[in-house]
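Each residue of the sequence shown is one higher than the last, beginning at 517 in the working numbering.
Glycine included, each C-beta is placed from N, C-alpha and C at the ideal position.
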Amino acid sequence: MKHYAYDEWLKYVKNELEDDVREAYEDHLYSCDQCLELYLTAVEEDDLPIIENEPDFTDLVMAQITNQKQLTAVEEKEPKHPKKRVAFYQKSIFHYGVAAAMTLILMSTGVFQSLTQYAGGVESQGFKEKDTSMTEGIVDKTFAWMDSLERSNKEDNKE
Ligand SMILES: [Zn+2]
Numbered sequence: 517m518k519h520y521a522y523d524e525w526l527k528y529v530k531n532e533l534e535d536d537v538r539e540a541y542e543d544h545l546y547s548c549d550q551c552l553e554l555y556l557t558a559v560e561e562d563d564l565p566i567i568e569n570e571p572d573f574t575d576l577v578m579a580q581i582t583n584q585k586q587l588t589a590v591e592e593k594e595p596k597h598p599k600k601r602v603a604f605y606q607k608s609i610f611h612y613g614v615a616a617a618m619t620l621i622l623m624s625t626g627v628f629q630s631l632t633q634y635a636g637g638v639e640s641q642g643f644k645e646k647d648t649s650m651t652e653g654i655v656d657k658t659f660a661w662m663d664s665l666e667r668s669n670k671e672d673n674k675e
């Protein structure tokens, strides 16, 4: 079996070989661990010139990492505020919605009518008096109904 020299593998890695020669190299690589090692060493060697200026390279990498960290820090900070604002806004809307719904329910059930009965406002006195008379009518009817109920109960007890 014909083995390839390290320099030859380096040429292969650097893509300096003809296509048909490359294929022969590749075929050999599948069946030869010895040349695979040489090939892998050549790959590592080929990568080295990129990091020729190692301190500069390290500085560059560190600078990029720091930049990315700062960027992500900014990216993390920025969406937080609008999110909070949106959440608060949505909360407020929700509370206003609940308050509005409660107001409608209280108004329709006449709770505010009985409340205005107790509130001694001067400006809408006429309105309140009307309301009070109406409510009083209902209350009177209720009392009358309760009285009749009580009376019938008493009558039942007498028997
Ligand atoms: Zn070989």
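- Around the beta carbon of residue 525, 16 or more other beta carbons sit within 10 angstroms, so the residue counts as buried.
- When the alpha-carbon of residue 530 is set against those of 518, 556 and 549, the nearest one is in 556.
- For the pair residue 561 and residue 580, the Cα-to-Cα distance works out to about 25 angstroms.
- Per DSSP, residue 545 is one residue of the alpha helix (DSSP H) stretching across 535–547.
- Residue nearest to residue 527 within the set 584, 614, 624 and 559 is 559 (criterion: CA-CA distance).
- Annotation: residue 578 to residue 584 spans about 10 angstroms, alpha carbon to alpha carbon.
- The continuous alpha helix (DSSP H) containing residue 528 extends over residues 522–529.
- Contact between residue 554 and residue 522 holds, with the beta-carbon distance rounding to 5 angstroms and staying under 8 angstroms.
- With a beta-carbon spacing of about 6 angstroms, residue 541 and residue 520 fall inside the 8 angstroms limit used to define contacts.
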